[in-house]
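Student: Okay, here's the structure, questions in a sec.
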Amino acid sequence: MYPRVEISLNKIRHNAKKLITLCNNNGINVAVVTKVFCGIPEIAKVLVESGASILADSRVENLKRMQSIDAPKLLLRLPMISQAEEVVEFADISLNSELDTIKELSKKAIEKDLLHKIILMIDLGDLREGIFDENEIFQSIEEILKLEGIKLIGIGTNLTCYGGVIPNQENLYRLVRIKENIENKLGIKLEIVSGGNSSSLYLLEEKEGIPQGINQLRLGESIVLGRETAYGNKIEDTYEDCFRLVVEIIEMKEKPSLPIGDIGMDAFGNKPVFQDRGIRKRAICAIGKQDISIDNIFPEDDNIIILGGSSDHLIIDVTDCLNNYRVGEKVFFRLNYGGILSTLTSEYVKKILI
Numbered sequence: 118m119y120p121r122v123e124i125s126l127n128k129i130r131h132n133a134k135k136l137i138t139l140c141n142n143n144g145i146n147v148a149v150v151t152k153v154f155c156g157i158p159e160i161a162k163v164l165v166e167s168g169a170s171i172l173a174d175s176r177v178e179n180l181k182r183m184q185s186i187d188a189p190k191l192l193l194r195l196p197m198i199s200q201a202e203e204v205v206e207f208a209d210i211s212l213n214s215e216l217d218t219i220k221e222l223s224k225k226a227i228e229k230d231l232l233h234k235i236i237l238m239i240d241l242g243d244l245r246e247g248i249f250d251e252n253e254i255f256q257s258i259e260e261i262l263k264l265e266g267i268k269l270i271g272i273g274t275n276l277t278c279y280g281g282v283i284p285n286q287e288n289l290y291r292l293v294r295i296k297e298n299i300e301n302k303l304g305i306k307l308e309i310v311s312g313g314n315s316s317s318l319y320l321l322e323e324k325e326g327i328p329q330g331i332n333q334l335r336l337g338e339s340i341v342l343g344r345e346t347a348y349g350n351k352i353e354d355t356y357e358d359c360f361r362l363v364v365e366i367i368e369m370k371e372k373p374s375l376p377i378g379d380i381g382m383d384a385f386g387n388k389p390v391f392q393d394r395g396i397r398k399r400a401i402c403a404i405g406k407q408d409i410s411i412d413n414i415f416p417e418d419d420n421i422i423i424l425g426g427s428s429d430h431l432i433i434d435v436t437d438c439l440n441n442y443r444v445g446e447k448v449f450f451r452l453n454y455g456g457i458l459s460t461l462t463s464e465y466v467k468k469i470l471i
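What follows is the structure in structure tokens.
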């Protein structure tokens, strides 16, 4: 059963408990992001057992997979109006910034006799989703409060993912201040101030910490890779190898390192560039760009050189390896976040829970 990703539930459990405890000790609940492993229920169950207060995903399809797990479900990506009915059915909460979408969610929630909770997203400068103008925030909330079937439970922000803006005391305190202004001006109480993702974790190690009033983080990468994402630093006492890619060698030949003939575009419309290393021992593995982004995988054998690939093939140089690799043998790779995301999304890569 190859290619496959081996998933260590024990290592995920360890990382989750470590980070959730760290956050809880600082007055912060954790919504665990399940999108990187496509909402596999067995993994989600481990995360809830480890203390996750909410399961969060960008795809309704993944939330459907986790319906049997007793935990609130949060839709991370702003809902599509065309998907509003499924959103209120399979997500208890959703992140929102568009009033027209919220009105459609209200309509579908009323039809299904449901109460759908929303977190209004505020753009603090990263320029992805969220309301940028503060006057628009208040105007939107005044309209939201008139809607049936909808309950505004908090505000949130996203940082780092698009613009690379790092969370800090200044921008996160601004979010807290906006929450306080909303409560004072409109006479309501907001349960949640969602202060971003794994890029906010580094603040817990700083003297000032995360501003008081931030009471939720949405954590994904830090749990599956044991690192915060503002500066990419490893978190102490966590595992980086919860996910491991295993592929099989299907050809082993000595060949020149430069193709012979005029070089045109490859299968993906790019003109490849090659380095002349002479005759080298090259292995072809049964996985390709349809399954993975080659830039996001890293051989456990440090002597392997990744040369490139096509849609179905990964080509590696094993000339300098101490192991005498042969056809049928397995090659092991570490994965970064993009590597986990692509291989877990591919239906052609087996998922093995260990």
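Per this note's numbering, numbering of the sequence shown is gapless, rising by one per residue and ending at 471.
Even glycine gets a Cβ: it sits at the ideal position worked out from N, Cα and C.
1) Kindly indicate the opening and closing residues of the alpha helix (DSSP H) around S257.
2) Helix or strand or just coil, what does DSSP make of F391?
3) Give, in chain order, every unbroken run of the alpha helix (DSSP H) that is at least 4 residues long and sits entirely within the segment 329-410.
4) Starting from the Cα of Y356, find the closest Cα among V149, F415, I457 and G343 and give me that residue.
5) Spatial neighbours of G456 within its chain, please: C-beta separation below 6 Å, excluding the five flanking residues on both sides.
6) Per DSSP, E464 forms a beta bridge with which residues?
7) State the DSSP-derived secondary structure class of G273, mapped to helix, strand or coil.
8) DSSP puts I432 in a beta bridge; with which residues?
9) Would you identify the three-state DSSP class for R451, choosing helix, strand or coil?
10) From what residue to what residue does the alpha helix (DSSP H) around D243 run?
11) Which residues mark the beginning and the end of the alpha helix (DSSP H) in which K190 is found?
12) Can you give me the start and stop residues for the beta strand (DSSP E) that S211 sits inside?
13) Under 8 Å: do the segment 336-350 and the segment 308-318 share three or more Cβ pairs, one atom per stretch?
14) Does R399 pass the burial test, meaning 16 or more other C-beta atoms within 10 Å, or should it be called exposed?
15) Could you tell me which of G266, K370 and E464 sits nearest to E202, measuring between CA atoms?
16) Compare the beta carbon distance of L452 and I157 with 9 Å and say whether it is the shorter of the two.
17) Of all the options I198, L212 and I272, which has the alpha carbon lying nearest to the alpha carbon of Y220?
18) DSSP three-state label for I129, please.
Tutor: The answer reads as follows:
1) Element bounds for S257: E251 to I261.
2) coil
3) Fully enclosed alpha helix (DSSP H) runs of 4 or longer: 338-342.
4) Cα-wise, what sits closest to Y356 is G343.
5) N413 and I414
6) Partner(s): none; E464 has no beta bridge.
7) strand
8) I401 and G425
9) strand
10) Premise fails: D243 is in no alpha helix (DSSP H) and is neither H nor E.
11) Per DSSP, K190 belongs to no alpha helix (DSSP H); it is in the beta strand (DSSP E), K190 to L192.
12) DSSP places S211 inside the beta strand (DSSP E), whose first and last residues are I210 to N213.
13) yes
14) With 16 or more neighbouring CB atoms inside 10 Å of its own CB, R399 falls in the buried class.
15) G266
16) For the 9 Å CB-CB criterion, L452 and I157 do not form a contact.
17) The sequence shown places Lys at residue 220, not Tyr. Minimum Cα distance to K220 is reached at I198.
18) helix
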